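**Student:**
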Amino acid sequence: MSSPSKKRKLNTGGKQNGGPAKGLEFFFAKQRQSNAGASSADATDVPELASAELTDEEIARKLQAEWDKEAADEGRNGTEDTRSTSPTANSATDDLTSASQPESKPHTKREAKLPTSLGTTLTLQSTGTAEDSITSNIPLDEPPLAFEPSKYLDLLREHWAGEGGNASYALLTRCFVLVSGTASRIKIVDTLVNCLRLLIEGDPSSLLPAVWLATNSISPPYVSLELGLGGSAISKALKQVCGLDNRSLKAIYDKYGDAGDVAFEAKKKQRFTLKKPRPLTIKGVHQSLVKIATSQGQGSAQAKQRIVDRLLQDARGGEESRFIVRTLCQHLRIGAVKTTMLIALSRAFLLSRPPGADYSPMCIPELSKLRKEELAEIWGKAEETVKACFARRPNYNDLVPVLLEIGISDELLIRCGLALHIPLRPMLGSITRNLSEMLTKLQGRDFACEYKYDGQRAQVHCDDGGKVSIFSRHLELMTDKYPDLVELVPKIRGEGVGSFIMEGEVVAVDRETGELKSFQTLTNRARKDVEIGSIKIDVCLFAFDLMFLNDQPLLGRSFRERRELLRSLFTEVPHKFTWVRSLDATSNDSETVLDFFKSATESKCEGIMVKILDNLAGIPYLGEEEGPTIEGAEKPSTAKAKPKAKKGENAATAAGGGDKKKAGSRRKPLLATYEPDKRLDSWLKVKKDYNSSFDTLDLIPIAGWHGQGRKAKWWSPILLAVRNEATGMLEAVCKCMSGFTDAFYKEMKQFYDDGEDGGERRNTRSQKPSFIEYSGPMPDVWFEPQEVWEMAFADVTLSPTYTAAIGLISDERGLSLRFPRFIKKRDDKSLDEASTNEFLAGLWRKQEAKAVPQDAQDGRGDEGIEQMEDE
Numbered sequence: 001m002s003s004p005s006k007k008r009k010l011n012t013g014g015k016q017n018g019g020p021a022k023g024l025e026f027f028f029a030k031q032r033q034s035n036a037g038a039s040s041a042d043a044t045d046v047p048e049l050a051s052a053e054l055t056d057e058e059i060a061r062k063l064q065a066e067w068d069k070e071a072a073d074e075g076r077n078g079t080e081d082t083r084s085t086s087p088t089a090n091s092a093t094d095d096l097t098s099a100s101q102p103e104s105k106p107h108t109k110r111e112a113k114l115p116t117s118l119g120t121t122l123t124l125q126s127t128g129t130a131e132d133s134i135t136s137n138i139p140l141d142e143p144p145l146a147f148e149p150s151k152y153l154d155l156l157r158e159h160w161a162g163e164g165g166n167a168s169y170a171l172l173t174r175c176f177v178l179v180s181g182t183a184s185r186i187k188i189v190d191t192l193v194n195c196l197r198l199l200i201e202g203d204p205s206s207l208l209p210a211v212w213l214a215t216n217s218i219s220p221p222y223v224s225l226e227l228g229l230g231g232s233a234i235s236k237a238l239k240q241v242c243g244l245d246n247r248s249l250k251a252i253y254d255k256y257g258d259a260g261d262v263a264f265e266a267k268k269k270q271r272f273t274l275k276k277p278r279p280l281t282i283k284g285v286h287q288s289l290v291k292i293a294t295s296q297g298q299g300s301a302q303a304k305q306r307i308v309d310r311l312l313q314d315a316r317g318g319e320e321s322r323f324i325v326r327t328l329c330q331h332l333r334i335g336a337v338k339t340t341m342l343i344a345l346s347r348a349f350l351l352s353r354p355p356g357a358d359y360s361p362m363c364i365p366e367l368s369k370l371r372k373e374e375l376a377e378i379w380g381k382a383e384e385t386v387k388a389c390f391a392r393r394p395n396y397n398d399l400v401p402v403l404l405e406i407g408i409s410d411e412l413l414i415r416c417g418l419a420l421h422i423p424l425r426p427m428l429g430s431i432t433r434n435l436s437e438m439l440t441k442l443q444g445r446d447f448a449c450e451y452k453y454d455g456q457r458a459q460v461h462c463d464d465g466g467k468v469s470i471f472s473r474h475l476e477l478m479t480d481k482y483p484d485l486v487e488l489v490p491k492i493r494g495e496g497v498g499s500f501i502m503e504g505e506v507v508a509v510d511r512e513t514g515e516l517k518s519f520q521t522l523t524n525r526a527r528k529d530v531e532i533g534s535i536k537i538d539v540c541l542f543a544f545d546l547m548f549l550n551d552q553p554l555l556g557r558s559f560r561e562r563r564e565l566l567r568s569l570f571t572e573v574p575h576k577f578t579w580v581r582s583l584d585a586t587s588n589d590s591e592t593v594l595d596f597f598k599s600a601t602e603s604k605c606e607g608i609m610v611k612i613l614d615n616l617a618g619i620p621y622l623g624e625e626e627g628p629t630i631e632g633a634e635k636p637s638t639a640k641a642k643p644k645a646k647k648g649e650n651a652a653t654a655a656g657g658g659d660k661k662k663a664g665s666r667r668k669p670l671l672a673t674y675e676p677d678k679r680l681d682s683w684l685k686v687k688k689d690y691n692s693s694f695d696t697l698d699l700i701p702i703a704g705w706h707g708q709g710r711k712a713k714w715w716s717p718i719l720l721a722v723r724n725e726a727t728g729m730l731e732a733v734c735k736c737m738s739g740f741t742d743a744f745y746k747e748m749k750q751f752y753d754d755g756e757d758g759g760e761r762r763n764t765r766s767q768k769p770s771f772i773e774y775s776g777p778m779p780d781v782w783f784e785p786q787e788v789w790e791m792a793f794a795d796v797t798l799s800p801t802y803t804a805a806i807g808l809i810s811d812e813r814g815l816s817l818r819f820p821r822f823i824k825k826r827d828d829k830s831l832d833e834a835s836t837n838e839f840l841a842g843l844w845r846k847q848e849a850k851a852v853p854q855d856a857q858d859g860r861g862d863e864g865i866e867q868m869e870d871e
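According to the working numbering, the sequence shown is numbered sequentially starting from 1.
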């Protein structure tokens, strides 16, 4: 609330008002005196207030308490939001500034239409600490088999009745608070399951919006629907709604760093509003985000700003404000990543069903009697079904409505199967250190070696009518980028071919000779609104797989069968469409494979892909099992449940389910089928970098220090992190100061600008973000995660400082890299494709299996190596 001096300034601002400044008591005195039921004691209240010279805030509190008492005596609810019954009230409260001027015309018009009761004319509500007391008492973090939604549904429905029966955003906020407050994967999954069950049974129509909000998105990747909000829109809303100026807001941001934490603190400083905030609903918040994303044309910026203002205006308490802002910033960071959400959905639909559904949920008392292994099998089967559906059709708009209708069943895989112009998530290959390791893994099997072209992976859809869609490896629509391919693809169909889904690599080539060009050349091609006549960089599509043909999925066929169909039913077009160059071999053809690998690297390819040709379930897999452990560290496959769940363990495994193998068991037989969204050893990558003396990882730069000497104006060293796929956290793995050029340093300093040179911050923050795990010396600046860098290194070492993969190898120590060196930016990779902590742990196990000394460099650990780096 404004200070008394500022209030006097506002009251005397109009030319028509030349009298002395008026306090709050002046505006309420006439209304209080006109109340026929007022007592004589009430009639003397205003003079008492004036004589006591109370502050505006104290006056407001006293008056509010008295109004509430009067409203209760009349049988009215003094805190009811009159906007639902008064259209003019709705428009009058759209903007806090206009509503705060009692003498303006809109306010006069509203007073004429509202009842004369003081409880509905002008109220001052304390919102700084106002929370939803109904949802805050629900134990969402209970084990799902102990949680009973029926205990809370009647109260919740009554609570939601004022908003048309729609579930309140407070319920989702309660879930977010509990999830972000724990590192236990078991608790995170349990909390999500219980929240989803309340929505399934209490308000099924709010389930889909809740899933989108919890996964920090509003559409699948292939639908171009972006919020398009800058930081200024959120800053303006915070300043207007919470009454802050630029200096105050900057002070809060400098202290906390995270936009959500800034909103939490700013909301606490907001003492009063003229109307009680209208409770946010899950549907309403999601619809507001969609409106922001779809606002276009003249006036769209103002329209977006009004929506952001209203969301923050109606947010009750600091926690709702925190998560509203994090959602607007697209940095929710609660750990509800794709895998976690799919696990939670599968378990929620096993235990609950919406009203009127035909399927029956599982009997919870019977499940409670099962042994851990039996329960794990039930959880795991349901999770695999839901994951398989989402991998084939990665859109919650398709998955959730079918789940509400039929629950978890085999029919789900049919209803959510492959569909043209909807991308499936691509199958991924595992990385091998060298050709010898690859040959050992695939001993006894026939396999195909293929050139790994240095281009852009593309998934091409074509229907019977010749309509073409092209998607990237992370499912983004890029049809407009390749109009030449769109024109070409229908012409490559052979006799009898109608619809198909094909996968290949788009590579820049020379128009005349067909010579391969680098990926950097391909990146210079325009991305939007490309016209065929203006194309200067020609491309060729090198096809390597066929997943769908004439309305029939081919995922269950062996790779040999899929490849035969691809090569026999499609027509080659020189320098525009062909198949990847390949070689069929066995593990006995080591010399032939080596020659093929050399020819691939000499042809400007990254290396080779090795794929199993046939489904031979009877041949045992000879790949490495769980690696040896170090002294004092628990084996990864038999570690205690609690510490493993806290740091990186698969949520399904931690809770007794999931797809990780039991201790001592061998991996499943390798099959030649196409497995969407899985990284399996049936596909192996052998890149030229892996075949040399060092490995590479794709890491995310997260922080930096001021350099020394000639690097004093730049950031050096740089702190890098791997991705924890289960929690969504970024785990620090090493510092790097090698491999950078002076030009790169300058470019990086401009991109990650801390604003110290008089400018505004750009892609940096002053405080450590909540989604980063790091316990070493604090850097001078934290980066907003934006890029993926390819890094080479010598060895993986155990570290007391870095948190990467902690809990996967040792419960006390993480993993770090020795002699990290920058190779290049990976512009072709998103943050979600950066290397994971589990992949890093796998590299360490392979290294230990080969008996590489842990501290071979003069006994120094990773910290000692950093001190040796040449600055």
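By construction, the Cβ of each residue, glycine as well, lies at the ideal position given by its N, Cα and C atoms. The structure presented is a predicted model; accordingly, all values stated were derived computationally and were not measured.
Based on the DSSP secondary-structure assignment, which residues constitute the bridge partners of CYS540?
**Tutor:** VAL507
**Student:** Exposed or buried, which one is SER716 when buried takes at least 16 other CB atoms within 10 Å?
**Tutor:** buried
**Student:** Exposed or buried, which one is SER224 when buried takes at least 16 other CB atoms within 10 Å?
**Tutor:** Label assigned to SER224: exposed.
**Student:** Mind checking PRO139: buried by the 16 CB within 10 Å criterion, or exposed?
**Tutor:** exposed
**Student:** Three or more beta-carbon pairs under 8 Å between the segment 197–205 and the segment 348–357, yes or no?
**Tutor:** Touching, per the Cβ criterion.
**Student:** Indicate whether the contact test is met: 3 or more Cβ pairs, each with one atom in the segment 459–477 and one in the segment 414–426, closer than 8 Å.
**Tutor:** yes
**Student:** Return the CA-CA distance between GLU561 and PRO553, expressed in angstroms with no decimal places.
**Tutor:** Per the coordinates, the alpha-carbon of GLU561 lies some 13 Å from the alpha-carbon of PRO553.
**Student:** How should VAL189 be labelled, buried or exposed, when 16 other C-beta atoms within 10 angstroms of its C-beta is the threshold for buried?
**Tutor:** buried
**Student:** Should the segment 243–252 be called in touch with the segment 318–338, which here means at least 3 C-beta pairs below 8 Å?
**Tutor:** no
**Student:** Apply the 10 Å Cβ neighbour rule to LEU124 and answer buried if 16 or more other Cβ atoms are within range, or exposed otherwise.
**Tutor:** For LEU124, the pLDDT reaches just 46, beneath the cut-off of 50, and the residue's location in the model is therefore unreliable, leaving the point undetermined.
**Student:** CB SER873 to CB ALA161, shorter than 9 Å?
**Tutor:** No statement about residue 873 is possible, as the shown extent of the chain runs from 1 to 871 and does not include it.
**Student:** Quickly, what does DSSP pair VAL609 with across the bridge? List them, please.
**Tutor:** Going by the sequence as given, residue 609 is Met instead of Val. Paired residues: GLU450 and LYS685.
**Student:** Measure how close the beta-carbons of TYR482 and ILE501 come, nearest whole angstrom, since I'm counting them as under 8 Å.
**Tutor:** Actually they are not in contact, since the Cβ atoms of TYR482 and ILE501 sit about 16 Å apart, beyond 8 Å.
**Student:** Leaving out the 5 sequence neighbours to the left and right, which residues in its chain are closer than 8 Å to VAL400 when beta-carbon positions are compared?
**Tutor:** LEU207, LEU208, VAL211 and LEU345
**Student:** If you draw a straight line from the alpha carbon of TRP683 to that of MET427, how long is it in whole angstroms?
**Tutor:** 9 Å
**Student:** Should ARG723 be labelled buried (16 or more other beta-carbon atoms within 10 Å of its own) or exposed?
**Tutor:** buried
**Student:** From SER51 to GLY181, what distance separates their C-alpha atoms?
**Tutor:** The predicted model places SER51 with a pLDDT of 41, which falls under 50 and marks its position as unreliable; any figure quoted below should be read in that light. When rounded, the distance between both Cα atoms is 49 Å.
**Student:** Helix or strand or just coil, what does DSSP make of PRO701?
**Tutor:** strand
**Student:** Based on the DSSP secondary-structure assignment, which residues constitute the bridge partners of LYS491?
**Tutor:** The partner list for LYS491 (beta bridge, DSSP) is empty, contrary to what the question assumes.
**Student:** Just reading off the alpha helix (DSSP H) that GLY318 is part of, what are its end residues?
**Tutor:** Element bounds for GLY318: 317–328.
**Student:** Is TRP715 helix, strand or coil by DSSP?
**Tutor:** strand
**Student:** Closer than 8 Å to a non-hydrogen atom of the ligand SAH - does that hold for the CB of ARG821?
**Tutor:** For the ligand SAH, the structure offers nothing, since it holds no ligand at all.
**Student:** Among LEU171, SER816 and ASP589, which has the Cα closest to the Cα of GLY444?
**Tutor:** Answer by Cα proximity: ASP589.
**Student:** Please classify ALA388: is it buried, with 16 or more other beta-carbons within 10 angstroms of its beta-carbon, or exposed?
**Tutor:** buried
**Student:** If you run the structure through DSSP and keep just helix, strand and coil, what is ALA663?
**Tutor:** Residue confidence for ALA663 is low, a pLDDT of 39 falling below 50, so the modelled location carries little weight; the figure read from the coordinates is stated next. Three-state result, ALA663: coil.
**Student:** On the DSSP bridge assignment, give the partners of PRO553 in chain order.
**Tutor:** PRO553 pairs with PHE548.
**Student:** Got a sec? Which residues, its chain only, sit under 8 Å from PRO220 by beta carbon, not counting five neighbours each side?
**Tutor:** PRO394, ASN395, TYR396, ASN397 and LEU475
**Student:** Per DSSP, which residues does VAL573 bridge with? Please list them.
**Tutor:** PHE577
**Student:** With DSSP collapsed to three states, give me the class of VAL179.
**Tutor:** helix
**Student:** Given this structure, state the Cα-to-Cα distance separating MET341 from ALA732, to the nearest angstrom.
**Tutor:** Taking the Cα positions, MET341 is about 25 Å away from ALA732.
**Student:** Select from LEU720, ALA726 and LYS713 the residue whose C-alpha is nearest the C-alpha of LEU742.
**Tutor:** It should be noted that the sequence gives Asp, not Leu, for residue 742. Out of LEU720, ALA726 and LYS713, LYS713 has the C-alpha closest to the C-alpha of ASP742.
**Student:** If you reduce the DSSP assignment to three classes, tell me which class ARG527 lands in.
**Tutor:** coil
**Student:** Got a sec? Which residues, its chain only, sit under 8 Å from SER150 by beta carbon, not counting five neighbours each side?
**Tutor:** GLU201
**Student:** Got a sec? Which residues, its chain only, sit under 6 Å from PHE596 by beta carbon, not counting five neighbours each side?
**Tutor:** Taken in chain order, the residues that qualify are CYS449 and LEU583.
**Student:** Who pairs with CYS736 in a beta bridge, going by DSSP?
**Tutor:** ILE718
**Student:** Roughly how many angstroms separate the alpha carbons of PHE323 and LEU831, rounded to a whole number?
**Tutor:** 22 Å
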